[in-house]
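Asker: Provided herewith is a single structure, encoded as structure tokens, for subsequent inquiry.
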Amino acid sequence: MKNNIYHKFDCEYVFKIKRPKLIKELKNYKPCHNCILNDYSKKYRYKFIDEKCYNDICLYFSNFINQKSPTSKCDTKMCKVVLDSLNNAKSTIDIAMFGYENVEDIEKAILNAQNKRNVKVRIVYDLNSKNESYYKDTLKLISKIKYSKADSANSKDDKLMHNKFIIIDNKDVLTGSTNLTDSCINGFNSNILVKIKNKDVANAYKCEFEQMYEGKFHNKKELNNFENIKLDGFNINVYFSPKYDVIVNKIIPFVKNSKKNIYIPIFYLTHKELINALIEAQKRNVDVYILMDATSANHRSSKVYLLRKNKIKVKVENMACSFGFNEL
């Protein structure tokens, strides 16, 4: 009954309990995360899709259901796509990363490209005002890279260089929410990776990268937006923060023009104007569904109760089921 949860007979954790006790199912308590997933899979026969491609645009999703802890193994489709792109780079690899930790195959691929194939590798990365990285292996990797630049000189107030993109040979872009860490790219945390094969899109990211590599981070960067890039029948628009307020100028107008439903998987949701727009959308009978991380839901700035008070359906992802937010 630790954390007010219990395990069903078919749960793998039953066999790990030292002194199990048989109890009746109680309405005021919840089964553990693994039990819920077992029941869900049996009922809906859930099949996870980790890849979806539209010609030169591919989306990759991490299956955090199967990965119970961080791992250094590059076993996910997402990690293998990054690894393959690095291993096949011919001339240049430009990486903008928040940090790096314990993904040996990725580190080896980057260093092999630089040291064995003479690929020019450059990395821009985040450091705080004390010249520290959030991830423990970032500076170890950077010490082996010939060309790199940190935002520490611009981080007196600890603004984050939170980019996550890789440009391969000035023609392919890998971007999305995943960090190059054992907890993100290898399936423990829920993330998405987008691979775009297009020189114009790559050029948009290259312009942003060059500014940071020259030492222009955060508000010191010049406005760098690229709109109406044609690709496979799609219009691709590329925007970079913080110089351009993407939430106010682009995302909120989408919310205000929504008619039927809005689905938001998100780590932190604290933007007041966006929250108000979502509440107004719900009042227009737009179905708003939000999937939020437990870390942010338990934070002092959390708006979970405000959103739920306004009838927005908020689900908090939490493997431990210990914060009490695990209900729609």
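Once you know that position 56 of the sequence shown is 981 in our numbering, the rest is easy, because the numbers rise by one and skip nothing.
Virtual Cβ for every residue (Gly too), placed ideally from N, Cα, C.
(1) So what's residue 999 in DSSP terms, helix, strand or just coil?
(2) In whole angstroms, what is the alpha-carbon distance linking residue 1059 and residue 1113?
(3) Excluding the five sequence neighbours on either side, which residues of its own chain have a C-beta within less than 6 Å of the C-beta of residue 1151, listed in chain order?
(4) When the Cβ atoms of the segment 1006-1018 are set against those of the segment 1049-1056, are three or more pairs found closer than 8 Å?
(5) Suppose the cutoff is 6 Å on Cβ atoms and the five residues either side in sequence are ignored; what does the same chain contact list for residue 1137 look like?
(6) What are the start and end residues of each continuous alpha helix (DSSP H) run of 4 or more residues lying completely inside the segment 984-1059, in chain order?
(7) Give me, in chain order, the residues of the same chain whose beta-carbon lies closer than 7 Å to that of residue 1005; leave out the 5 immediate sequence neighbours on both sides.
(8) By how many angstroms is the C-alpha of residue 1174 removed from the C-alpha of residue 1235?
(9) Cβ of residue 1010 within 8 Å of Cβ of residue 1156?
(10) Run the CB neighbour count on residue 1103, radius 10 Å, all protein chains shown included, and call it buried at 16 or more, exposed below.
(11) Quick test of the definition: if touching needs 3 or more C-beta pairs under 8 Å, does the segment 1207-1217 touch the segment 1175-1190?
(12) At the level of alpha carbons, what is the spacing between residue 979 and residue 1091?
(13) Residue 1246 to residue 1219, Cα distance in whole Å?
(14) Would you kindly check if the distance between the Cβ of residue 1111 and the Cβ of residue 996 is under 8 Å?
(15) Which of the three DSSP states, helix, strand or coil, is assigned to residue 1061?
(16) Who are the Cβ neighbours of residue 1061 in its own chain at under 7 Å, not counting the five residues just before and after it?
Answerer: Based on what the coordinates show:
(1) The count along the sequence shown starts at 1 and reaches residue 999 at position 74. Residue 999 falls in the coil class under three-state DSSP.
(2) Against the sequence shown, residue 1059 aligns to sequence position 134. Against the sequence shown, residue 1113 aligns to sequence position 188. Roughly 18 Å between the two C-alpha positions.
(3) Looking up residue 1151 in the sequence shown gives position 226. Only 1129 and 1163 meet the Cβ criterion.
(4) no
(5) Reading the sequence shown from its first residue, position 212 is the one you call residue 1137. These residues qualify, in order along the chain: 1049.
(6) 1002-1012 and 1029-1040
(7) The sequence position of residue 1005 within the sequence shown is 80, counting from 1. The residues are 999.
(8) Locating residue 1235 in the sequence shown gives position 310, counting from the first residue. Locating residue 1174 in the sequence shown gives position 249, counting from the first residue. Roughly 24 Å separates the two Cα atoms.
(9) Numbered from its first residue, the sequence shown carries residue 1010 at position 85. Numbered from its first residue, the sequence shown carries residue 1156 at position 231. No, these two residues do not count as a Cβ contact at 8 Å.
(10) Position 178 of the sequence shown, counted from the first residue, corresponds to residue 1103. So residue 1103 ends up on the buried side.
(11) yes
(12) Along the sequence shown, one-based indexing puts residue 979 at 54. Along the sequence shown, one-based indexing puts residue 1091 at 166. Taking the straight line from one Cα to the other gives about 20 Å.
(13) Within the sequence shown, residue 1246 is the residue found at index 321, counting from 1. Within the sequence shown, residue 1219 is the residue found at index 294, counting from 1. Interpretation of residue 1246 is limited by its pLDDT of 38, a score under 50 that renders its predicted location unreliable; the figure taken from the coordinates is listed afterwards. Answer to the nearest angstrom: the Cα atoms are 9 Å apart.
(14) Working through the sequence shown from its first residue, we reach residue 996 at position 71. Working through the sequence shown from its first residue, we reach residue 1111 at position 186. Yes; because the gap between Cβ atoms is below 8 Å, this pair is in contact.
(15) Residue mapping note: residue 1061 aligns to position 136 of the sequence shown, counting from 1. Coil at residue 1061, not helix or strand.
(16) Counting from 1 along the sequence shown, the entry for residue 1061 is found at position 136. Within the same chain, residue 1061 has close Cβ partners 1026.
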